[in-house]
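**Q** First, the structure itself, so that you have it in front of you.
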Amino acid sequence: MSTTQFIDTPQGRRIAYHKSGDTGPTVVFLGGLKSDMQGTKAIFLEEWCQARGQSFLRFDYSGHGESSGTFEEGCIGDWHQDTLAAVDALTTGPLIVVGSSMGGWQALLLARAIPERIAGMVTIAAAPDFTEDGYWANFTDDQKKALETVGHVELPSDCMEPYIITKKMIEDGRNQLVLRSTLALNCPVRFLQGTADTAVSTTTAVQLLEHVQGDNIRLTLVKGADHRFSDDACLKLIGRSLKCIIDEG
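So for the sequence shown, UniProt numbering puts the first residue at 1; every next one is plus one.
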């Protein structure tokens with residue numbers, strides 16, 4: 001495995017990354033909330049790309065993994081800035097973006113920001129607008145009051161310490177929403193979603209499919225797959241979806 005390298009963003013954050021391969025288009029992996037670039041899907045995609053000689057980039061948002069800052073300092077907009085900085089500094093030419101969970105939202109934001117560079121997209125349990133439609137919409141009155149008085153709330157997690165959701169994250173999220181206005185994806189797109197996902201529902205996946213505009217957009221539902229979407233069958237499906245998009249290009 002390659003050594004972690006770093007870049008500094010225009011905002012002064014230090015972003016850790018791994019870059020490999022030299023055959024375009026570059027595959028960029030965008031991880032989920034509180035995930036890092038050492039996860040199963042990121043490493044699978046790196047190995048998949050290396051076997052083809054395909055250019056590949058994985059990185060940690062600020063407040064995640066080996067990058068600078070703390071999670072509680074960040075928000076969707078900050079991580080979008082990190083994504084733009086990494087793509088701008090470390091890649092050239094067309095991109096195929098693979099976004100997992102919150103990374104799916106980031107992939108959509110990236111496509112909105114630089115549509116001319118997006119040659120394809122694969123999302124895995126994409127979670128667009130979750131700060132508003134998931135967190136805020138389901139907060140109790142006491143939780144909403146805590147955001148104002150304490151500045152954050154704690155939410156339980158099945159697989160790690162509680163999530164600290166800040167007032168900044170909720171308010172910034174409203175500036176990053178992608179399901180409230182027209183969103184055109186003029187490239188091959190594959191949305192992947194497990195039916196046993198307890199974090200992102202199939203309803204969200206269908207809503208995303210119906211909202212985006214484009215001529216080559218498909219949603220695949222995998223019966224019994226959970227939010228991790230990381231068993232052998234799911235990883236192979238990610239690989240097949242990516243190959244399909246590359247071949248179409």
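C-beta: ideal position from N, C-alpha, C; glycine also. These numbers were taken from a predicted model, which means no experiment stands behind them.
(1) With a CB to CB cut of under 7 Å and the five nearest residues on each side skipped, what residues in its chain are close to Ser-230?
(2) Between the C-alpha atoms of Val-212 and Ala-233, what's the straight-line distance to the nearest angstrom?
(3) Enumerated in chain order, which unbroken segments of the alpha helix (DSSP H) with a length of 4 residues or greater are wholly contained in the stretch 150–189?
(4) Thinking C-beta only, is Cys-244 closer than 9 Å to Thr-166?
(5) Is the beta carbon of Ile-124 closer than 9 Å to that of Leu-177?
(6) Any idea which residues DSSP pairs Ser-100 with across the strands?
(7) Using only the alpha-carbon positions, how far apart do Arg-117 and Lys-145 sit?
(8) Would you say the stretch 65–85 touches the stretch 41–55, given that touching needs at least three Cβ pairs under 8 Å?
(9) What span of residues does the beta strand (DSSP E) with Lys-236 cover, start to end?
(10) Contact check, Leu-179 vs Gln-207 under 8 Å by CB: the rounded distance?
(11) Could you pull out every residue in the same chain whose Cβ sits closer than 8 Å to the Cβ of Thr-23, ignoring the five residues on either side in sequence?
(12) Measure from the alpha carbon of Gly-120 to the alpha carbon of each residue in Ala-137, Pro-94 and Trp-105, then state which is nearest.
(13) In the DSSP assignment, what are the bridge partners of Arg-117?
(14) Measure from the alpha carbon of Ser-157 to the alpha carbon of each residue in Gln-5, Gly-21, Ser-35 and Tyr-17, then state which is nearest.
(15) Could you spell out the range, first to last residue, of the beta strand (DSSP E) harbouring Leu-221?
(16) Count the other C-beta atoms from every protein chain shown that fall within 10 angstroms of the C-beta of Ala-137, then say buried if there are 16 or more, exposed otherwise.
(17) For Leu-57, which beta-bridge partners are listed by DSSP?
(18) Can you tell which of Val-122, Glu-210, Val-189 and Gln-106 has its C-alpha closest to the C-alpha of Asp-129?
(19) Just to confirm the assignment, what range does the beta strand (DSSP E) spanning Asp-8 have?
(20) Would you kindly check if the distance between the Cβ of Val-27 and the Cβ of Leu-242 is under 9 Å?
(21) Select from Arg-13, Met-102 and Gly-249 the residue whose C-alpha is nearest the C-alpha of Glu-73.
(22) Please determine, among Gly-69, His-64, Ser-101 and Ile-114, the residue with the shortest C-alpha to C-alpha distance to Leu-84.
(23) What does DSSP give as the partner residues of Gln-193 in its beta bridges?
(24) Is DSSP giving Arg-228 helix, strand or coil here?
**A** Let's see:
(1) The residue labelled residue 230 in the question sits at position 230 within the sequence shown. Counting only Cβ-Cβ distances below 7 Å, and skipping sequence neighbours, we find Thr-40 and Lys-41.
(2) On the sequence shown, position 212 is the one that residue 212 refers to. On the sequence shown, position 233 is the one that residue 233 refers to. Going from the Cα of Val-212 to the Cα of Ala-233 covers about 27 Å.
(3) 167–173
(4) Reading the sequence shown from its first residue, position 166 is the one you call residue 166. Reading the sequence shown from its first residue, position 244 is the one you call residue 244. No, the pair does not count as a contact, with Cβ atoms beyond the cut-off.
(5) Taking the sequence shown and counting its residues from 1, one reaches residue 177 at position 177. Taking the sequence shown and counting its residues from 1, one reaches residue 124 at position 124. Contact flag unset, no.
(6) Within the sequence shown, residue 100 is the residue found at index 100, counting from 1. Its beta-bridge partners are Ile-124.
(7) One-based indexing of the sequence shown puts residue 117 at position 117. One-based indexing of the sequence shown puts residue 145 at position 145. Distance between the alpha carbons of Arg-117 and Lys-145: 42 Å.
(8) no
(9) Sequence index remark: in the sequence shown, residue 236 carries index 236 (1-based). Run containing Lys-236: none in the beta strand (DSSP E); it sits in the alpha helix (DSSP H), 232–248.
(10) Reading the sequence shown from its first residue, position 179 is the one you call residue 179. Reading the sequence shown from its first residue, position 207 is the one you call residue 207. At roughly 7 Å, the Cβ-Cβ gap stays under 8 Å, so Leu-179 and Gln-207 are in contact.
(11) Against the sequence shown, residue 23 aligns to sequence position 23. Within its own chain, the residues whose Cβ lies closer than 8 Å to the Cβ of Thr-23, once the five positions on either side in sequence are excluded, are Arg-52, Gly-53, Gln-54 and Ser-55, listed in chain order.
(12) The residue you call residue 120 lines up with position 120 of the sequence shown. Measuring from the Cα of Gly-120, the nearest candidate turns out to be Pro-94.
(13) Within the sequence shown, residue 117 is the residue found at index 117, counting from 1. BP columns for Arg-117 are empty, so no partner.
(14) Here the question's residue 157 lines up with position 157 in the sequence shown. The residue with the shortest Cα to Cα distance from Ser-157 is Ser-35.
(15) Working through the sequence shown from its first residue, we reach residue 221 at position 221. Here the beta strand (DSSP E) through Leu-221 covers 217–222.
(16) The residue you call residue 137 lines up with position 137 of the sequence shown. Ala-137 comes out exposed.
(17) As a position in the sequence shown, residue 57 is number 57, starting the count at 1. DSSP, once it has assigned bridges, lists Lys-19 and Val-28 as partnering Leu-57.
(18) Reading the sequence shown from its first residue, position 129 is the one you call residue 129. Nearest C-alpha to Asp-129: Gln-106.
(19) Translated into the one-based positions of the sequence shown, residue 8 becomes position 8. Residues 5–8.
(20) Residue mapping note: residue 242 aligns to position 242 of the sequence shown, counting from 1. Residue mapping note: residue 27 aligns to position 27 of the sequence shown, counting from 1. Yes, the Cβ-Cβ distance between Leu-242 and Val-27 is below 9 Å.
(21) As a first step, residue 73 is located in the sequence shown; it is residue number 73 there, counting from the start. Nearest of Arg-13, Met-102 and Gly-249 to Glu-73, Cα basis: Arg-13.
(22) As a working mapping, residue 84 is identified with position 84 in the sequence shown. Answer by Cα proximity: Ile-114.
(23) Within the sequence shown, residue 193 is the residue found at index 193, counting from 1. Note: Gln-193 sits in a beta bridge opposite Leu-221.
(24) As a first step, residue 228 must be located in the sequence shown, where it is residue number 228. The answer is coil: DSSP assigns Arg-228 none of H, G, I, E or B.
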